[in-house]
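Trainee: Sharing a structure here in structure tokens format.
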């Protein structure tokens, strides 16, 4: 987490960076998504988890979304069981929104995405779920 003295500055930075990021052309989606990823990660580090999730929704590249989830999951890894379940639900919901037919279109992104989802699951204490995610990824790669 960001030190208490720096939280106000970090929030101001995020607000200004968000204003600028909105003007990045959609034709430069990699830079746009990368910028939103960075902003969301900073927000998570200041404890603004809901704000980080809102920014994450603006990211169009699944692997960048997954990176934000990993950051949040790592920061919340010491949370109580109810909070862990909430984050598991969020991770699962986002993972379920990625259609299977995109596997071929974005092979590299999907491998990174699903691997990162598994890491996020493990970070919040869902080791068996993470292993199952990795197993499904391996099975899909072998069968497609």
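Numbering (my numbering), first residue to last: 949 to 1092.
Where a beta carbon is used, it is the ideal one built from N, C-alpha and C, also for glycine.
1. Decide yes or no for the touch test of the region 1008-1023 against the region 984-1000: beta carbon pairs closer than 8 Å, at least 3 of them.
2. Rounded C-beta distance between residue 1078 and residue 1070? I'm assuming under 8 Å.
3. Mind reading off the beta-carbon distance from residue 959 to residue 994? Whole number of angstroms is fine, and I expect it under 8 Å.
4. Where do the ends of the alpha helix (DSSP H) carrying residue 1003 lie?
5. If you count every other CB in all the chains shown that lies within 10 Å of the CB of residue 983, and 16 or more means buried, which is it?
6. Could you check if residue 981 is buried or exposed, using at least 16 other CB atoms within 10 Å of its CB as the buried criterion?
7. How close, in whole Å, do the beta carbons of residue 990 and residue 961 come, if the pair is a contact with beta carbons under 8 Å?
8. Can you give me the start and stop residues for the alpha helix (DSSP H) that residue 981 sits inside?
9. From residue 985 to residue 1006, what does the alpha carbon distance come to, in whole angstroms?
10. Restricting to Cα atoms, I'd like to know which of 978, 1024, 1080 and 987 is closest to residue 968.
11. With a 10 Å radius around its C-beta and 16 neighbouring C-beta atoms as the bar for buried, classify residue 1081 as buried or exposed.
12. What residue range is occupied by the uninterrupted alpha helix (DSSP H) comprising residue 942?
13. Under the three-state reduction of DSSP, which class applies to residue 1069: helix, strand or coil?
Mentor: Answer, in terms of the structure:
1. yes
2. The residue given as residue 1078 occupies position 130 in the chain shown. The residue given as residue 1070 occupies position 122 in the chain shown. Right, their Cβ atoms sit about 4 Å apart.
3. Sequence index remark: in the chain shown, residue 959 carries index 11 (1-based). Sequence index remark: in the chain shown, residue 994 carries index 46 (1-based). That pair is a contact at about 6 Å.
4. Counted from its first residue, the chain shown places residue 1003 at position 55. Taken as a continuous stretch (DSSP letters only), the alpha helix (DSSP H) holding residue 1003 covers 997-1004.
5. Residue 983 sits at position 35 when you count from the first residue of the chain shown. Counting Cβ neighbours within 10 Å, residue 983 comes out buried, since at least 16 surround it.
6. Walking along the chain shown from the start, residue 981 turns up at place 33. Buried.
7. Counting from one through the chain shown, the residue named residue 990 turns up at place 42. Counting from one through the chain shown, the residue named residue 961 turns up at place 13. Sure, about 7 Å apart at Cβ, within 8 Å.
8. What you label residue 981 is simply residue 33 of the chain shown in a count that begins at 1. 977-993 is the span of the alpha helix (DSSP H), which, as asked, contains residue 981.
9. Working through the chain shown from its first residue, we reach residue 985 at position 37. Working through the chain shown from its first residue, we reach residue 1006 at position 58. Distance between the alpha carbons of residue 985 and residue 1006: 9 Å.
10. Here residue 968 is taken as the residue at index 20 of the chain shown, counted from 1. Cα-wise, what sits closest to residue 968 is 987.
11. The residue given as residue 1081 occupies position 133 in the chain shown. Buried: at least 16 other Cβ atoms inside 10 Å.
12. This structure cannot speak to residue 942, because the chain is shown only from 949 to 1092.
13. Here residue 1069 refers to the residue found at position 121 when the chain shown is read from its first residue. Here residue 1069 sits in helix by DSSP.
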